[in-house]
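**Q**
6 protein chains.
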Amino acid sequence: MFFHTGELQYHSKPDSPDPVFAKKVQELIGGQFGEMSVAMQYLFQGWSTRGNEKYRDLLMDTGTQELGHIELLATMVARLLEGAPVYEQEKAAKDPIIGAIMGGMNPQHAIVHGLGASPKDSNGVPWNAGYIVASGNLLADFRANVNAESQGRLQVARLYSMTDDRGVKDLFSFLIARDTMHQNQWLAAIKDLEAKEGPIVPSTIPPEWEATEFSHILYTNPETSTASQLPWASGPAPDGHPITVEKPAPLSGRPILKPAPPEAHNTLPAEDMK
Amino acid sequence: MFFHTGELQYHSKPDSPDPVFAKKVQELIGGQFGEMSVAMQYLFQGWSTRGNEKYRDLLMDTGTQELGHIELLATMVARLLEGAPVYEQEKAAKDPIIGAIMGGMNPQHAIVHGLGASPKDSNGVPWNAGYIVASGNLLADFRANVNAESQGRLQVARLYSMTDDRGVKDLFSFLIARDTMHQNQWLAAIKDLEAKEGPIVPSTIPPEWEATEFSHILYTNPETSTASQLPWASGPAPDGHPITVEKPAPLSGRPILKPAPPEAHNTLPAEDMK
Amino acid sequence: MFFHTGELQYHSKPDSPDPVFAKKVQELIGGQFGEMSVAMQYLFQGWSTRGNEKYRDLLMDTGTQELGHIELLATMVARLLEGAPVYEQEKAAKDPIIGAIMGGMNPQHAIVHGLGASPKDSNGVPWNAGYIVASGNLLADFRANVNAESQGRLQVARLYSMTDDRGVKDLFSFLIARDTMHQNQWLAAIKDLEAKEGPIVPSTIPPEWEATEFSHILYTNPETSTASQLPWASGPAPDGHPITVEKPAPLSGRPILKPAPPEAHNTLPAEDMK
Amino acid sequence: MFFHTGELQYHSKPDSPDPVFAKKVQELIGGQFGEMSVAMQYLFQGWSTRGNEKYRDLLMDTGTQELGHIELLATMVARLLEGAPVYEQEKAAKDPIIGAIMGGMNPQHAIVHGLGASPKDSNGVPWNAGYIVASGNLLADFRANVNAESQGRLQVARLYSMTDDRGVKDLFSFLIARDTMHQNQWLAAIKDLEAKEGPIVPSTIPPEWEATEFSHILYTNPETSTASQLPWASGPAPDGHPITVEKPAPLSGRPILKPAPPEAHNTLPAEDMK
Amino acid sequence: MFFHTGELQYHSKPDSPDPVFAKKVQELIGGQFGEMSVAMQYLFQGWSTRGNEKYRDLLMDTGTQELGHIELLATMVARLLEGAPVYEQEKAAKDPIIGAIMGGMNPQHAIVHGLGASPKDSNGVPWNAGYIVASGNLLADFRANVNAESQGRLQVARLYSMTDDRGVKDLFSFLIARDTMHQNQWLAAIKDLEAKEGPIVPSTIPPEWEATEFSHILYTNPETSTASQLPWASGPAPDGHPITVEKPAPLSGRPILKPAPPEAHNTLPAEDMK
Amino acid sequence: MFFHTGELQYHSKPDSPDPVFAKKVQELIGGQFGEMSVAMQYLFQGWSTRGNEKYRDLLMDTGTQELGHIELLATMVARLLEGAPVYEQEKAAKDPIIGAIMGGMNPQHAIVHGLGASPKDSNGVPWNAGYIVASGNLLADFRANVNAESQGRLQVARLYSMTDDRGVKDLFSFLIARDTMHQNQWLAAIKDLEAKEGPIVPSTIPPEWEATEFSHILYTNPETSTASQLPWASGPAPDGHPITVEKPAPLSGRPILKPAPPEAHNTLPAEDMK
């Protein structure tokens, strides 16, 4: 169960309005790796965790904090939109500096949201649940999580150079720090699980299900690719087995599909195929 | 540049038709972690790689193989649909066993694709590029890649128990093996890059951009959560700094947004807010 | 800022597993009017509220509770999937009763989520933020909210007849009750705002912006439609003005668009159009 | 059955080209509450109406008019794109005023549509049927309709300030007027149905299906939220029952999910969970 | 401007309820080539037509009829859902024949739409405007149109074998006939335009924009592909030029991208790339 | 099975950076008719081809080349983004010329992709598989293919005028040429199949399935439409039958749907409907 208090987890107040930057900040709210993604990803993983209560709690704790990060960024967007002449864009267009600024804002901030944040990315594409991962296998999912925190911290870092506003940078410094912690925690959790299960997910596949003769071949053609020169390509794989290098080549023949039944109304077979 | 030959990389021939299972196999083609995702993810990462030619080549080699895996699975789906009475579903419904089988197939296999594979997942949702990741930061992206291969191998493992068909299982044993190799290679590549850059992505953020006092706090309330009991929570973080545990609490006050301008036609402020 | 505690807001435990019903319950999680929609809708409305703190707090309070409702339903789905032979569907298909049950489940519950809930609707379509509304105008948005609660309560009512499970019905009885309250609260809030602003949103449009001669015409042709016989069609409109009935007819001529410039490479104008 | 005549329902001719404003007008065509949404929403509601022929006719009449409104706006967009140097954007970029204008247009108007309107919103996101509502319950759906007309009129009002073009404003004055009528008609219809059924949708739920002890509680914590101070919070609810205020608190315990079967290949339970 | 009359263009009444077939019929309403697609495609093409009034009228006439076809199919779906025990699915599941039938229906028909049609395809994926084409070039668009009518007629043909219901078949016989006419009309229009412009769209590209040395090469490798044996491959192309066959080979070298600036926080170049 | 070599099929190097044009080029990568669409469309058609090996090979050959075209365009986008001040947009905004340029770029190129190409269209909407067609009927699909190549060549032609960069134009001249060939090849293939099957798809519908009395009527009202004046409207149709012109009129009555069962909780029938 969830509770809310009106105070913010951290400061979220820009020095000045900047509707063009507000558009860009949307990536951190409703983008593929925005805060909506990490919040929902961790909560759905937590709700599905079976038999690992401490990790369930870690997921719920972290997901709940990410809800607060959406709040921080939604507040930032709302304030970046305050006090700018967003409803006078046509007039502004006659002044090229204002025009350039206005031309780059998200029109939905003015038309649809009345100066509020949008649950969409920096191009106005709605957030969707196809972005998130909750598989029931914690090692797999923690790898998704460390990726999400890596992509997220990278995006904040890029946006940091794209503004001079001290208030915005203050919030970003907090998000960068929290993403450091979250990368750390998922990396620690991965190490914990890999120590128990080994590095290959899932660890529970019986050997007879796997065509192990193909499990450690790096398919690459040295005539067209330099991949086999990567230093680790000649050493043992992370799971301890030696890696071999082979040129890719077909192991089976041409597939010939049978003609479809008449009810499919497909093209009839060519004369020479009958 | 790409080339194609008609032979398949591996065998892909079921013993018997099974249109219900064909629906499920679609997850491996057009699902979030299906072969379309890994193929496109690796190719887009490769096309964007700057200054790391060996990794560029590894990405292109692997993405190209994944194209061949779409081919294997599309062929399998086409053959699972061969010879089953898919256009007589209404008649079949009178025989409950056939009816149960027919009721569970993907109607688009019959109506839209004429017994061919679909670029969609096991529920018929079209694949979309919002699933894939290509950030320009290889360590971040290789984490995405090892996640994708973990989720993919997990899904094949689950499907393996859901069929008795030896031909299907033969193909799955190959895919399981290749996902083992691909997890290995991305894990090796991650180790290589972490050795150079350290574990926190991106490694290039100047310290003064980060509010480092928040970089190693595990926010969790021991009264409501057991997360702080995780073994690694009391040790140093993967980046070497000590982790501290704190109860989450607001660090800022309630945000009060300014009223919108009249042109927004938002609700006017309440009397007591003026 | 948000907090979470491990206890549930209400009981969520079915008497028996039922993977087919689990698929249907997904509509209440990730459907257009599922709990993800109301949670996110109220939170985004709250974060954008300017100058109406009590309504901001009402939105945040209610959105936070809806997060707990996602949790209740995700738990219910996870438990409906427990203990059913979902990974033996092929074998089960030979027993028609089990086959019928198995054929109707969501394959992603088994393949993708490992018996956990999915952030998608009852057909497996991912939730997306295009479902939600946050305009900055509270009267408009509260109308969206009372609609969402009406659709939501309606869907729970329909699902109530589709199961015999007492544990499921117990949870549904709670959700029905909460949707009663939420309809009540948004209706009360609407009455409050309409008393101040009148019924037509937005109330702030200057009269000279409106072609008022068209503001109270019911366009309907009594020769083809019975709409003009509706009892209110002859009385005053809710805003107090009399309604008149007119047959629809064009008020302007045929639009003739100018040919496109050559750079558009559009079809050239027909001879008789030059 | 439908008929079309070449004349327009109203004038739709701007004084001057303005490709940047054309991009914004797209919100009224293909946005969440654009004319495609109301047209399709009313038609699908009409086609599903059972036993209420006058309302069916009202829905079909109104939906048909909204088709004509798409036509008005598509014509406006086509004309706003006429005569502007949209295919010389690169050259234009050297003149900052033209550059600012050109930089803000929708590139698909030039590249994809050859100066025609697009079935997408102001950010270029395609319209989709996930926006619309047709439940079979007219009171629920009329609430969706009055919301749609409220959001629609609000968006036109915001766009009205964002242009100086008299031709555009003339069309907008007509759309504002029609949205007034449509809000009026759905409000009148709601009043009609509420008089028969009462305010809570659906009215047909048997009392024993509802945990009525939770039907009139406003969950809010006066220590963190001002919502309980709303004037109506102390009066009777719209359905006549008294409202009580309670602090939110869990009514159930922590859910413990059972471990998944081996075929799920989920993470194994932790030692202390076995 | 549009008009509507309550009568249907054709009969649309099944002999018996069949909720499983209702799910399949949805493909013809909201699928990629369903009636929503052709209606919206023709209308948007019509609204953008410049300087070709007769084709504009043909597009508007045909689009308007397609609106009536959505109506026919929505009515059919509503009637296929009438009188079936769709709200007793759980009980029905105990009778395997009923269970098989019920398990195959679209759950949203019962839960979301209250026995009405849905604006979605046969898997429940919402229709979206990314399906439609309106380019401003009539020859290009008429090719899209003849494709749409070909796919549509093919899908009806496939569904025709999947039912025994005479009422359904009567409606399908009408739709098959209309799709014959529509293929005929777009083929005739294409012939008309090709006679004026030639077969290659757009006909207005100046020769110096085209690397004509590549305009008639069939790239295919006779060692791996039989494509060069197609009868037309040795004749002149439809535009009159001779076709030549060549093995595909690169015409340029390896692209080496420059490193990204530090603000991108991309992976640094490898040692051997500096 | 697929192979890749590092060399490009053609040159892809702009003379100068141009991030605004990079945004527009995205349409050719991830738009409805971008290279991702044609590549995936041809490959899925090829994988489903039954009994027509030469056409299967043609599809695989052409799809494989289109993969190389994605590569060309992804390389072009990556290079158009090189060396431009994309991370200094805020500073740049003070210089109106740079500001206009920067305001028009895709923010995700800087924030998400680190100067790499995106699998999305020119507005940032992700590519999705709902764009592609693979029906199993080759004549239908080749019509889809000639449309795709027509739309694609049209879009390149429009972009050609929108840049002065010789390197970009060089690549476009190659793409224009290849689209000429691909239109030619699909037109030749269509001619081949039409010669065998006739022009109406599918050719295999038995005459008794078709209400042939409606197969050659052009429904158009000469009072409101000029469509009947099209030259071909008075001649025989492409399938050889005479065309007749009729005014559209209903052939059936008003549909009256039965009330829903109580479990639907739909609106009850009006008094006069009982």
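Chains as they are written, first to last, in full-length UniProt numbering: chain Y, 1 to 274; chain X, 1 to 274; chain V, 1 to 274; chain S, 1 to 274; chain E, 1 to 274; chain U, 1 to 274. No residue lacks a Cβ here, since even glycine has one placed at the ideal position from N, Cα and C. Treat the numbers as computed from the prediction; the structure is a model and nothing was measured.
Identify which residue in Y:PRO231, Y:ALA260, Y:ALA189 and Y:ALA264 has its Cα closest to the Cα of GLY235 (chain X).
**A** Selected option, being the one with the closest Cα: Y:ALA189.
**Q** Considering only the alpha carbon of each residue, which of V:LEU43, V:LEU58, V:TYR55 and V:GLU82 lies closest to ASP18 (chain V)?
**A** Closest option to ASP18 (chain V), Cα to Cα, is V:GLU82.
**Q** Looking at the C-beta of ASP179 (chain V), does it have a partner C-beta in chain Y at a distance below 9 Å?
**A** No, ASP179 (chain V) lies away from the interface with chain Y (no Cβ there is under 9 Å from its Cβ).
**Q** I'd like to know whether the C-beta of THR49 (chain X) is nearer than 9 Å to at least one C-beta of chain E.
**A** Cβ-Cβ to chain E under 9 Å: yes for THR49 (chain X).
**Q** Determine the chain V residues that contact ILE132 (chain Y) at a beta-carbon separation under 8 Å, and present them in chain order.
**A** Per Cβ cutoff of 8 Å: PRO119.
**Q** Give me the subset of the stretch 141-169 of chain V whose CB atoms are less than 7 Å from a CB atom of chain U, sorted by chain position.
**A** Listed in sequence order: LEU154, ALA157, ARG158 and SER161.
**Q** So what does PHE3 (chain Y) bridge to, in DSSP terms?
**A** Its beta-bridge partners are V:PHE3.
**Q** Taking contact to mean 3 or more Cβ pairs, one atom from each stretch, closer than 8 Å, check whether the stretch 156-175 of chain E and the stretch 138-145 of chain E are in contact.
**A** They do not touch, by the three-pair rule.
**Q** In chain order, which alpha helix (DSSP H) runs of at least 4 residues are fully inside the stretch 92-178 of chain V?
**A** Fully enclosed alpha helix (DSSP H) runs of 4 or longer: 96-103, 107-111 and 138-160.
**Q** Of all the options X:GLN65, X:ALA74 and X:LYS13, which has the alpha carbon lying nearest to the alpha carbon of VAL38 (chain X)?
**A** The candidate whose alpha carbon is nearest that of VAL38 (chain X) is X:GLN65.
**Q** Taking 8 Å as the limit between beta carbons, can you name the residues of its chain near PHE172 (chain U), skipping five residues before and five after?
**A** Once the five neighbours on either side are set aside, the close Cβ partners of PHE172 (chain U) are VAL156, LEU159 and TYR160.
**Q** Can you tell me where the alpha helix (DSSP H) with GLU213 (chain S) in it begins and where it stops?
**A** Premise fails: GLU213 (chain S) is in no alpha helix (DSSP H) and is neither H nor E.
**Q** Listed from N- to C-terminal order along the chain, which residues in the stretch 183-208 of chain X have their beta-carbon within a distance smaller than 9 Å of any beta-carbon of chain E?
**A** So the close ones are LEU193, LYS196, GLU197, VAL201, PRO202, SER203, THR204 and ILE205.
**Q** Taking HIS109 (chain Y) as the reference, which of V:PRO250, V:PHE44, V:THR267 and V:THR220 has the closest Cα?
**A** It is V:PHE44 whose Cα lies nearest to the Cα of HIS109 (chain Y).
**Q** Nearest to GLY240 (chain E) by CA position, among U:GLY198, U:THR220, U:GLN183 and U:TRP232, is which residue?
**A** For GLY240 (chain E), the nearest C-alpha among the options comes from U:GLN183.
**Q** Just verifying my parser: in three-state terms, what is the DSSP assignment at TYR10 (chain S)?
**A** The answer is coil: DSSP assigns TYR10 (chain S) none of H, G, I, E or B.
**Q** DSSP three-state call for ILE190 (chain Y): helix, strand or coil?
**A** Here ILE190 (chain Y) sits in helix by DSSP.
**Q** How many Å lie between ALA84 (chain X) and SER118 (chain X) at the Cα?
**A** If I take the Cα positions, the gap works out to 17 Å.
**Q** Can you pull the chain V residues whose beta carbon is under 8 Å from the beta carbon of THR224 (chain Y), in chain order?
**A** The premise fails here: THR224 (chain Y) is roughly 36 Å from chain V at the closest Cβ pair, so nothing lies under 8 Å.
**Q** Kindly confirm or deny that the stretch 66-82 of chain U and the stretch 119-129 of chain Y touch, where touching means at least three C-beta pairs closer than 8 Å.
**A** No, because fewer than three Cβ pairs between the stretch 66-82 of chain U and the stretch 119-129 of chain Y fall closer than 8 Å, the two stretches do not touch.
**Q** Counting only C-beta atoms, is LEU8 (chain U) closer than 9 Å to chain E at any point?
**A** Yes - at least one Cβ of chain E is within 9 Å of the one on LEU8 (chain U).
**Q** Just verifying my parser: in three-state terms, what is the DSSP assignment at VAL201 (chain S)?
**A** In the structure shown, VAL201 (chain S) sits in coil (DSSP, three-state: anything other than H, G, I, E or B).
**Q** Output yes if chain Y places a C-beta closer than 9 Å to the C-beta of PRO259 (chain V); else output no.
**A** Not one chain Y Cβ lies under 9 Å of PRO259 (chain V).
**Q** Can you check which of these residues, U:GLY253, U:GLN229 and U:THR267, is closest to GLU194 (chain S) by C-alpha distance?
**A** It is U:THR267.
**Q** Beta strand (DSSP E) containing ILE256 (chain E): first to last residue?
**A** No beta strand (DSSP E) contains ILE256 (chain E), which DSSP labels as neither H nor E.
**Q** Evaluate ALA134 (chain Y) with the Cβ neighbour count: other Cβ atoms within 10 Å of its Cβ, from every protein chain shown; 16 or more gives buried, anything less gives exposed.
**A** Burial call: buried.
**Q** Report, in whole angstroms, the separation of the C-beta atoms of LEU80 (chain Y) and ALA264 (chain X), which I expect to be a contact under 8 Å.
**A** Actually they are not in contact, since the Cβ atoms of LEU80 (chain Y) and ALA264 (chain X) sit about 15 Å apart, beyond 8 Å.
**Q** Just to confirm the assignment, what range does the beta strand (DSSP E) spanning GLU271 (chain U) have?
**A** Element bounds for GLU271 (chain U): n/a, residue is neither H nor E.
**Q** For ALA237 (chain Y), which residues of its own chain have a beta-carbon under 8 Å away from its beta-carbon, when the five flanking residues on both sides are left out?
**A** Closer than 8 Å at Cβ, skipping near neighbours: HIS216 and ILE243.
**Q** For THR49 (chain S), name the three-state secondary structure that DSSP assigns.
**A** Looking at THR49 (chain S) - three-state DSSP - the assignment turns out to be coil, as it is neither helix nor strand.
**Q** Can you find a CB in chain X that lies within less than 9 Å of the CB of ALA264 (chain S)?
**A** Yes, ALA264 (chain S) lies at the interface with chain X (some Cβ there is under 9 Å from its Cβ).
**Q** Answer with buried or exposed for PRO231 (chain U), where buried requires no fewer than 16 other C-beta atoms within 10 angstroms of its C-beta.
**A** It counts as exposed.
**Q** Report the CB separation of TYR10 (chain S) from SER252 (chain V) in whole angstroms; it is logged as a contact under 8 Å.
**A** Contact holds; Cβ gap of about 6 Å.
**Q** Can you name the start and end residues of the alpha helix (DSSP H) that VAL25 (chain X) belongs to?
**A** Where VAL25 (chain X) is concerned, the enclosing alpha helix (DSSP H) stretches over 19-30.
**Q** CB-CB under 8 Å to TYR42 (chain U), same chain, minus the five flanking residues each way: which ones, in chain order?
**A** Hits under 8 Å: LEU59, MET60, THR62, GLY63, GLU66 and ASN145.
**Q** Since THR244 (chain S) is in the beta strand (DSSP E), which residue starts that stretch and which ends it?
**A** Per DSSP, THR244 (chain S) belongs to the beta strand (DSSP E) from 244-246.
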